[in-house]
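Below: one structure, written as structure tokens.
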Amino acid sequence: MGVGESVFDYDGLSLTNIRRAVDVFVDEGRRNKVRFKTVVATEDPLRALEQADASLSNTEIDVTEHEDHYRVAVTKRIKRTDLEDGHRLVESDFALFQIGETDIWAAVTGHSPDQFEHGPLWVLGKSEPMLSTFFASSDDLAEILYQLKASFPAETEIQARKTVAYSRDEEGEISFKQRPFEEIFAVAADKGNYVDKMRFTVKTGDTIRLDAFLSRDGKLKFLGGDATRFFEDFLPIVAAVGQQKADLFGHKERSAETGELNELQIDFDTAHFKAPEDTEKLIRALDGLPNANLTVYHDNPYAHLSILDTIDGSSCDVFVTDSDTVSIVPSYRGSFNSLMRVAEQLSRELEEGEISEGTPEEQTMADFFPT
1 MGVGESVFDY
11 DGLSLTNIRR
21 AVDVFVDEGR
31 RNKVRFKTVV
41 ATEDPLRALE
51 QADASLSNTE
61 IDVTEHEDHY
71 RVAVTKRIKR
81 TDLEDGHRLV
91 ESDFALFQIG
101 ETDIWAAVTG
111 HSPDQFEHGP
121 LWVLGKSEPM
131 LSTFFASSDD
141 LAEILYQLKA
151 SFPAETEIQA
161 RKTVAYSRDE
171 EGEISFKQRP
181 FEEIFAVAAD
191 KGNYVDKMRF
201 TVKTGDTIRL
211 DAFLSRDGKL
221 KFLGGDATRF
231 FEDFLPIVAA
241 VGQQKADLFG
251 HKERSAETGE
261 LNELQIDFDT
271 AHFKAPEDTE
281 KLIRALDGLP
291 NANLTVYHDN
301 PYAHLSILDT
311 IDGSSCDVFV
321 TDSDTVSIVP
331 SYRGSFNSLM
341 RVAEQLSREL
351 EEGEISEGTP
361 EEQTMADFFP
371 T
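So that you can map any letter, position 164 of the sequence shown is 164 in the UniProt record's numbering, and since no number is skipped, the others follow by simple counting.
Written out as structure tokens, the structure is:
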């Protein structure tokens, strides 16, 4: 199997055979990479894929159901006026499978970065909100690696080979220094940075047990080592983080029967809102949220903002409730996908706070539409 070829060029399709194909594919070429994208799907994803196929005029999505996964073939036409036909054709396919008994599904392909972008990433993105990206914090990424390390013998070390971290004021910082992952996260925390992605190796003595990549938006890569450990150890740990997000952010809409409110509370280490003018920080942070309309009801002494998600019509109110606390209160339509995006925007632009379920006080219409 050559670079960029599909992992599906194997007879007797099953998830077990795909796992074997992944191992063979990487072993055959040093530059071969197997790419994954994880998403939250609380229902069978077939309907989401069918709806995406029906709604996309430039993309054909053909789904074949197998016993333990879906095979998804994608043909996408990209407009290119410089080409004779007026478009570029990108063909790709991927497997989509459930990780254990969780609500987390993973797309896997051996295709090139271009095909990965216009295949699984494109299709899954257009399947929102039924298929939703979850975002792992720096602490989540570190915990994934701690748990992965614990699954190997005691003398095993995990070394970061390439890391991308961001500050809130500067561009991304890329490090090619090979050093223990624990040190990477400690340095990022000291600088007030968040870790976005990392390539790492798991080594026991001189033996590389796993060479892989993870990112906060659920994109993963298997680059070498034991594919069985990747599937049976690494993926379930990632899925556990995703499930925690699904449980925290899911089903938080305001009750249509009782009007009962649900609240998500974000507690920051830093007191960002000590003075009335500091609420501008929150406005600036959320103003850059893609696919959303922001309304500022008032910003003094504490901010009250409303966000309308243009992807699925979800909405929520965001309040500064203390100098170091922000509350997110979903409306009658408040999808996991929308709330997760709001929280991630605050993590990237303000600070990675501790997110928990709050206990909202009784609200009146005047709280949401002040005079």
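Using N, Cα and C, we set each Cβ at its ideal position, and we do this for glycine too.
If distances are taken between C-alpha atoms only, which option among the options comes closest to residue i?
i	options	result
glutamate 117	Lys197, Val90, His272	Val90
phenylalanine 152	Ser132, Gln345, Thr207, Thr109	Thr207
threonine 133	Glu28, Asn17, Ala106, Leu15	Ala106
alanine 21	Ser323, Asp278, Arg284, Thr109	Thr109
aspartate 140	Thr102, Lys177, Arg168, Phe181	Phe181
glutamate 349	Asn337, Gly250, Asp196, Asp44	Asp196
residue 373	Asp93, Gly353, Ser331	The chain is shown only over 1 to 371; residue 373 falls outside these bounds and no answer can be derived.
histidine 304	Phe273, Asn291, Pro290, Tyr332	Phe273
phenylalanine 268	Glu257, Asp68, Gly192	Gly192
Rounded to the nearest angstrom, what separates residue i and residue j at their Cα positions?
i	j	result
aspartate 53	isoleucine 61	5 Å
valine 238	aspartate 82	42 Å
valine 342	leucine 286	7 Å
valine 320	threonine 270	13 Å
leucine 214	arginine 179	16 Å
serine 356	lysine 79	44 Å
aspartate 226	arginine 19	10 Å
proline 236	histidine 111	23 Å
arginine 47	valine 63	10 Å
glutamate 232	glycine 100	9 Å
valine 318	valine 326	7 Å
threonine 364	glycine 358	Because threonine 364 sits at a pLDDT of 44, beneath the cut-off of 50, its placement in the model cannot be relied upon, and the point is left open.
tyrosine 194	serine 57	38 Å
glutamate 157	valine 74	39 Å
leucine 131	glutamine 51	11 Å
serine 92	glycine 224	22 Å
serine 314	glutamate 84	42 Å
leucine 248	valine 329	13 Å
So residue i packs on residue j, CB below 8 Å; how close in whole Å?
i	j	result
glutamate 173	alanine 186	That belief does not hold up - the Cβ atoms of glutamate 173 and alanine 186 are roughly 15 Å apart, past 8 Å.
proline 129	serine 335	4 Å
histidine 66	serine 14	7 Å
arginine 161	phenylalanine 200	6 Å
leucine 264	lysine 252	7 Å
phenylalanine 234	alanine 212	6 Å
Going by DSSP, name the residue or residues bridged to residue i.
i	result
methionine 198	Thr163, Leu214
arginine 77	Leu89
tyrosine 70	Glu65, Leu96
arginine 35	Thr109, Lys221
threonine 295	Ser306
aspartate 44	Beta-bridge pairing links aspartate 44 to no other residue.
Pairs of beta-carbons, one from the region 120 to 137 and one from the region 21 to 38, closer than 8 Å: are there three or more? yes
Evaluate the contact criterion for the region 288 to 300 versus the region 220 to 238: three or more CB pairs, one atom per stretch, below 8 Å. no
Just checking, does the region 240 to 249 make contact with the region 304 to 322 on the three C-beta pairs under 8 Å criterion? no
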